[in-house]
Amino acid sequence: MIDAADNVTPVIGLEIHVELATATKMFCRCRNHFGDPPNTNVCPVCIGMPGVLPVMNAKAVELALKVGTALNCTVAEFTKWDRKGYYYPDLPKNYQISQYDLPLSLNGWLEAPLAEGAVKKIRIRRAHLEEDAGKNVHDHPAHTGVDLNRAGVPLLEIVTEPDMNAVEEVMSLARAMHRLVRWLGASEANMQMGQMRFEPNINLHIAHGGAIHKTPIVEVKNLNSFRALERTVEYEIHRQYEAWQADPDGFRLEKMGKQNRGYDDAREQTVFQREKEEAHDYRYFPDPDLVGVVVDRPWRERIRAGIGELPLARRGRYMDGYKLTFKEADALTQDAATGDLLDSAVAAGADAKRCVNLLLGRGAAIANERGCSIAQIGITPAALAELAGMLSGGTINATAAAKVFDTVVLESGSPMVIAREQGLLAVRDGGAIEAWVDTAIAANPQAVADVQAGGKQQKKAFGFLMGQVMQLSRGTAEPGEVQRLLRSKLGIPVTD
Amino acid sequence: MSRTIEPDMVRHIAKLSRIELSEEQLATFGRQLADILEYFDKLAELDTTNVEPLAHAVEIHNVLAEDTPRPSLSADAALANAPQRDGDFFMVPKVIGDSL
Amino acid sequence: MNDLSNLSALELRDAIAGGTVSAVRAVDAYLEAIARREPAVGAYNEVLAERAMEQAAAIDRKRQSGRPIGPLGGLPLAIKDNLCTSYGRTTCASKMLANFQAPYTATAVARLEAAGAIVLGKTNMDEFAMGSSTENSGFRPTANPWDASRVPGGSSGGSAAAVSARLCAAALGSDTGGSIRQPAAFCGVVGMKPTYGRVSRFGLVAYGSSLDQIGPVTQNVADCALLLGAIAGGDPADSTCLDRPVGDYLIELEKPIEHLRVGLPREFFSQALDAEIASSIRLAAEVYQSLGATIVDVSLPHSRIDVDGEGKVSSYAVACYYIVAMAEASSNLARYDGVHYGHRTARDVEDIVDLYCKTREEGFGSEVKRRILLGTYALSSGYYDAYYLKALRVRRLIKNDFDAAFGHCDLLLCPVAPTTAFRLGEKTADPLTMYLEDIYTISVNLAGLPGLSLPAGLSKTGLPIGMQLIGPVFSEDRLLRAGRMYEKASGVSGLRPEMTKK
Ligand SMILES: [Zn+2]
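Protein chains in written order, with the numbering used here: chain A, 134 to 629; chain B, 51 to 150; chain C, 864 to 1365.
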């Protein structure tokens, strides 16, 4: 455990790799697609054959600019490409095309939401474009197989300043980044597919005996899930603290510098990695095969205009404008499309609160079952608005509306038509309701007796009889009318 | 007044270049590299303060391609020149992890 | 004589188009010339006889059925072996790629074929285009057709020797620091390095990517215009290739340029230059004067050639060029590692690093290794600023010199190389002496300019002397017209070595 007297501040920065959601790779027109048979999305360019040349993907540049702008970065007026040299079999040219001294975006920030409503601004140092490497397949004991389908996929590397001081802040920033890139349509950010990968660098500043002790900075590469990131940061904070306690003079940044550690998925902890025998010397230099990109003002303005409302702004608007709770507003701003669905339904005249109840009720339940977003379950804004309108107008009650919602999602179509076909419209006709009330009274003498006796059981028994009538009506009976008739037939006061 | 390059430096550069050199080659290359570098040092005579580096002879920009897929090679065509393959994978001695 | 060596490419093109010579007969004649003279020259790494004959037959059928056969219809051409072809092998004269079969064809070659040309074979070169004599070929040297004991120049020595010995109608080469122009001069043929970005580099195996250009090697200036017109123009596969309209270089070729101002860069006429070559260039200047041109004295201070008391030659441009070219080469050649294609060591290896090191030790020749090591050094941390970055700044100064010079003249006239063809083995011992072969050609690549090398006569010993015309960017038409003016006035054109006359 960390000794409170030591006043330990974790200092954490993140490098985040995001594969962009383009149709083709960064520098060739092979498909950017996960999960295909090995070496089928490859061509001479991404195999790095002799004599081939890269040509940059316009969409990738556009998406990267979008993310940079949304991260409040200064978008460079001129950005260029550099080669980063290192040898590895998943990097066929043995250099990676990247951006060194003139990255696409610099000096931005992203708000990491903390407790309800509060945020912490995390500074973004830079965001640059590069190409992804292929995959080395290790399922053979004696050798490695190389699949180049991923080689050349556009990759946005986002680097934060070491502004995070707690695991909660790291996780919040990571989730905010995940939400943002998906929101912008810049990436699917599916972590099982490696479309978003984290690389935290972590050390501790320990106030001890009137001085600040800094532990060596540890960098952990290639974390493929939120869980791995969380476990890594938690583990490192404790490991470094213990290592420092054991050797407060030796375990210091000044003495040991930076270190790389790996993450062991099974043990959920970081492990020592043997240092490469030679120091990294990437020999960056401008790629002569590619020309620079000039991002002029009209282009920058077009990008800015295309971004629209960002998640936290929308969440605030929902709380202020639609009078939603924090939880509701937050749930509806996990992705852009769900909020868009809500906004469109409201624009079509529906009551926001009714729409929200539908979306976060059956909508969220179905989305959860299917593992998709609420917007992806397949209800149109028109259908949502129509159903919400039926609720507001009393044409249907909540129970029946849930059934109609399910049918609309499964089969699509107009809620009104479905409700009519399935006999789920609210029944106000006194005759029909009276018949159900009579049946319920006749079938439940004990409950009738409890109601009429008054006392403790009355309320519960009355509720039970209400439920019986609603069940007989398949949820269509107008509840106010049921209550009125039940009370009068059982001879108890009409008003509470 | 010929300069020399330390054998360790040549070894380091050879390692960075991924070229195996025998002790004999190391000595020969060391000598030749020193001669050539001495020749290159002539550039130090020139004052280049305030001179912008020129990396591309013809300075153009914004050459971008549409994000539209074109046919790729089949795995067989991709691997046709591979010195060693394992099914549809390029095959190499055991390495650890991915580089990115 | 079945040999068609008395016809230029343009003449042969017209003969085939007119039906007096069939494409099959043209290919056959060149294959016969190859059978007779190639053993003494060694210009080709691979002759694609069967494919060439099939293509020729297809051209003839096309012509017979009245369909157009293209502006190069039926012309048998040779292609430097660093231009990828989806047929045959593309070796770069390196053991590393001895068996490499590219699944694609270089844009320039594809354009020649689309214009009806037939690829006869792939020509020898210095390994990965690194050299000035073709002695660095990983396979064997090529002989100069004018004197078999001499080099054909390099790195496009095979292409120049093939054109000179009439083993093809014309050829393509590549030029990073003079690799088309210098062998053209040594072999008595015409060679052009176009403006950087005029011809697509797609499919040209990279040496120094910011310097490399593909260009024609031909019997005369008109042939050069013919080939350049076919290969020039934008290419979506090469971001550095400009999408500028390509004129018909032949149309105005015969029209002399009026009020031509010919600049003589004074720095190029130092004591480093062979006296006989110097006087040939001055004679050429007189020819232009006789045609009404003005001769202007211009200065290229950063391309200056210094000779010290001990006779040691040095030049900023040479230092600048080799740093840039080697730095780019060290990165461009990193891909040859025995994993995805090419040579892989058969020795036991400890791990992947060992595999890389052994493969590259075996696959590359000494000069390639030397340049990779130097380029790696120039880019490595601690040396980047002093070498690579410094070279880029000097590169700007060199380009600025040309811009200033072209304020006073329309083109520059200068030597191509300091000497005529030297003897095999004469310069192999010391890499630096070989590097100095390029002192008159490299500045042009650094500045991205077009340069034309054409014969200016023969030396007393009977070896070709070349002259070089340099123009501003995209002035290929001007260079070709000026070259043609000289050819006509001097009568020096279509030089043929003795061996082609037997
Ligand atoms: Zn590809």
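No residue lacks a Cβ here, since even glycine has one placed at the ideal position from N, Cα and C.
(message) Just to confirm my understanding: we take A:L640, look at its own chain, exclude 5 residues before and 5 after, and list those with CB closer than 8 Å. What are they?
(response) Residue 640 of chain A lies beyond the stretch modelled for chain A, which goes from 134 to 629, so this question has no answer here.
(request) With a threshold of 16 other CB atoms inside 10 Å of the CB of C:S1153, please say whether the residue is buried or exposed. (result) On the third sequence, position 290 is the one that residue 1153 of chain C refers to. So C:S1153 ends up on the exposed side.
(message) So with CB distances below 9 Å, who are the chain C contacts of B:D85?
(response) Along the second sequence, one-based indexing puts residue 85 of chain B at 35. Those within 9 Å of B:D85 in chain C are D1293, P1294, L1295.
(message) Against chain C, which members of the stretch 59-72 of chain B pass a CB distance test of less than 9 Å?
(response) M59, V60, H62, I63, A64, K65, L66, S67, R68, I69, E70, L71, S72
(message) Let me check understanding here. Comparing Cα to Cα, which of B:D58, B:T54, B:V113, B:P133 lies closest to B:R81?
(response) Walking along the second sequence from the start, residue 81 of chain B turns up at place 31. It is B:T54 whose Cα lies nearest to the Cα of B:R81.
(message) Quick test of the definition: if touching needs 3 or more C-beta pairs under 8 Å, does the stretch 596-611 of chain A touch the stretch 569-588 of chain A?
(response) yes
(request) Could you pull out every unbroken alpha helix (DSSP H) segment of at least 4 residues lying fully inside the stretch 157-193 of chain A, listed in chain order? (result) 177-180
(message) Is there a Cβ of chain B sitting closer than 7 Å to that of A:V279, yes or no?
(response) Start at 1 with the first residue of the first sequence, and residue 279 of chain A comes out as number 146. With 7 Å as the cut-off, A:V279 counts as an interface residue toward chain B.
(request) Buried or exposed for A:S621, please, with buried defined as at least 16 other CB atoms from any protein chain shown within 10 angstroms of its CB. (result) By 1-based counting over the first sequence, the position of residue 621 of chain A is 488. Looking at its Cβ environment, which holds fewer than 16 other Cβ atoms inside 10 Å, A:S621 is exposed.
(message) A:T471 and A:A508 - do their beta-carbons sit closer together than 7 Å?
(response) Residue 508 of chain A sits at position 375 when you count from the first residue of the first sequence. Residue 471 of chain A sits at position 338 when you count from the first residue of the first sequence. Taking 7 Å as the Cβ cut-off, A:A508 and A:T471 qualify as a contacting pair.
(message) For a contact defined as C-beta to C-beta under 7 Å, what are the partners of C:S949 on chain B?
(response) Within the third sequence, the letter at position 86 stands for residue 949 of chain C. Simply none; closest approach about 11 Å.
(message) Is A:V178 a contact residue of ligand 1, with contact defined as CB to any heavy atom under 6 Å?
(response) As a working mapping, residue 178 of chain A is identified with position 45 in the first sequence. Checking every heavy atom of ligand 1 against the Cβ of A:V178, one is found closer than 6 Å.
(message) At the level of alpha carbons, what is the spacing between C:D1214 and C:A1047?
(response) Residue numbering aside, residue 1214 of chain C sits at position 351 when the third sequence is read from its first letter. Residue numbering aside, residue 1047 of chain C sits at position 184 when the third sequence is read from its first letter. Cα to Cα, the separation comes out at about 46 Å.
(request) Taking C-beta pairs closer than 8 Å, name the residues in chain A that B:F139 reaches, listed in chain order. (result) Taking the first residue of the second sequence as 1, we reach residue 139 of chain B at position 89. Here the neighbours are P171, N172, V270, G278, V279, D280.
(request) Kindly say whether B:E132, judged by its beta-carbon, lies nearer than 7 Å to any beta-carbon of chain A. (result) Here residue 132 of chain B is taken as the residue at index 82 of the second sequence, counted from 1. Rather than Glu, the amino acid found at residue 132 of chain B in this sequence is Ala. It does not; no Cβ of chain A falls within 7 Å.
(message) On the criterion of 16 or more Cβ atoms from any shown chain inside 10 Å, does C:T953 qualify as buried, or is it exposed?
(response) Here residue 953 of chain C is taken as the residue at index 90 of the third sequence, counted from 1. Flag for C:T953 reads buried.
(message) Could you check whether the Cβ of A:Y220 sits closer than 7 Å to any Cβ belonging to chain B?
(response) In the first sequence, counting from the first residue as 1, residue 220 of chain A sits at position 87. Output row for A:Y220: interface = yes.
(message) Please report the straight-line C-alpha distance between B:M51 and C:G1357, rounded to a whole angstrom.
(response) Here the question's residue 51 of chain B lines up with position 1 in the second sequence. Here the question's residue 1357 of chain C lines up with position 494 in the third sequence. For B:M51, the predicted structure reports a pLDDT of 40, less than 50, and the residue's modelled location is therefore unreliable. A value from the coordinates is still provided. Taking the straight line joining both Cα atoms gives about 49 Å.
(message) Looking at the secondary structure, which residues open and close the alpha helix (DSSP H) in which A:L520 lies?
(response) The sequence position of residue 520 of chain A within the first sequence is 387, counting from 1. Run containing A:L520: 514-526, per the alpha helix (DSSP H) assignment.
(request) In angstroms with no decimal places, state the Cα-to-Cα distance between A:E410 and B:H62. (result) Taking the first sequence and counting its residues from 1, one reaches residue 410 of chain A at position 277. Taking the second sequence and counting its residues from 1, one reaches residue 62 of chain B at position 12. Low confidence applies to A:E410: its pLDDT is 48, below 50, so where it sits in the model is not reliable, and the reading given next is rough at best. Their backbone Cα atoms lie some 11 Å apart in a straight line.
(message) When you compare the CB of B:P119 with every CB in chain C, is at least one pair closer than 7 Å?
(response) By one-based count along the second sequence, residue 119 of chain B stands at place 69. Answer no: the Cβ-Cβ gap between B:P119 and chain C never drops below 7 Å.
(message) If I measure Cβ to Cβ from C:V1355 and keep anything under 7 Å in the same chain, skipping five residues before and after, which residues do I get?
(response) Taking the first residue of the third sequence as position 1, residue 1355 of chain C is located at position 492. Contacts found: P1318, A1319, G1320.
(request) State whether the stretch 421-437 of chain A contacts the stretch 95-113 of chain B, with contact taken as three or more CB pairs (one from each stretch) at a distance under 8 Å. (result) yes
(request) Return yes when the C-beta of A:C163 is under 6 Å from any heavy atom of ligand 1, and no when it is not. (result) Within the first sequence, residue 163 of chain A is the residue found at index 30, counting from 1. Yes, the Cβ of A:C163 comes within 6 Å of a heavy atom of ligand 1.
(request) Count the other CB atoms, across all protein chains shown, that sit within 10 Å of the CB of A:R503; report buried if there are 16 or more and exposed otherwise. (result) As a position in the first sequence, residue 503 of chain A is number 370, starting the count at 1. A:R503 should be labelled exposed.
(message) Which same chain residues end up closer than 7 Å to A:I499 when comparing Cβ atoms and leaving out the 5 residues on each side of it in sequence?
(response) Counted from its first residue, the first sequence places residue 499 of chain A at position 366. Within the same chain, A:I499 has close Cβ partners I510, V542.
(request) At 7 Å on the CB atoms, spell out the chain A contacts of C:L1242, in chain order. (result) Looking up residue 1242 of chain C in the third sequence gives position 379. Chain A residues near C:L1242: R416, F418.
(request) Might you give, ordered along the chain, the residues of its own chain that have their beta carbon closer than 6 Å to the beta carbon of A:N140, omitting 5 neighbours on each side? (result) Looking up residue 140 of chain A in the first sequence gives position 7. Taken in chain order, the residues that qualify are A340.
(request) Compare the C-beta of B:H106 with all C-beta atoms of chain C and state if any pair is closer than 7 Å. (result) Start at 1 with the first residue of the second sequence, and residue 106 of chain B comes out as number 56. Yes, contact with chain C.
(message) Taking DSSP's pairing of strands, which residues face C:C1277 in a bridge?
(response) Position 414 of the third sequence, counted from the start, is the residue given in the question as residue 1277 of chain C. Answer by DSSP bridge pairing, in chain order: C:Q1331.
(request) Taking 8 Å as the threshold, find out whether the stretch 1075-1082 of chain C comes into contact with the stretch 1050-1067 of chain C through three or more Cβ pairs. (result) yes
(request) Pick helix, strand or coil for A:W316, following the three-state DSSP scheme. (result) On the first sequence, residue 316 of chain A is found 183 positions in, with the first residue counted as 1. Residue state, collapsed to three classes: helix.
(request) Give the residues of chain C in contact with A:I551, contact being defined as C-beta atoms less than 8 Å apart. (result) Along the first sequence, one-based indexing puts residue 551 of chain A at 418. Going along chain C, no residue has its Cβ under 8 Å from A:I551, so there is no contact; the nearest lies around 52 Å.
(request) Report the option in C:I1261, C:A1135, C:A1310, C:A1011 whose CA atom is closest to the CA atom of C:E1173. (result) As a working mapping, residue 1173 of chain C is identified with position 310 in the third sequence. For the residues C:I1261, C:A1135, C:A1310, C:A1011, the minimum Cα distance to C:E1173 belongs to C:A1135.
(message) Only counting the same chain, and skipping five residues up and downstream in sequence, which positions put a Cβ closer than 8 Å to that of A:Y415?
(response) The sequence position of residue 415 of chain A within the first sequence is 282, counting from 1. Closer than 8 Å at Cβ, skipping near neighbours: K217, G218, Y219.
(request) Check whether the Cβ of A:M189 lies closer than 7 Å to any Cβ atom in chain B. (result) Stepping through the first sequence from its first residue, residue 189 of chain A is reached at position 56. Answer yes: the Cβ-Cβ gap between A:M189 and chain B drops below 7 Å somewhere.
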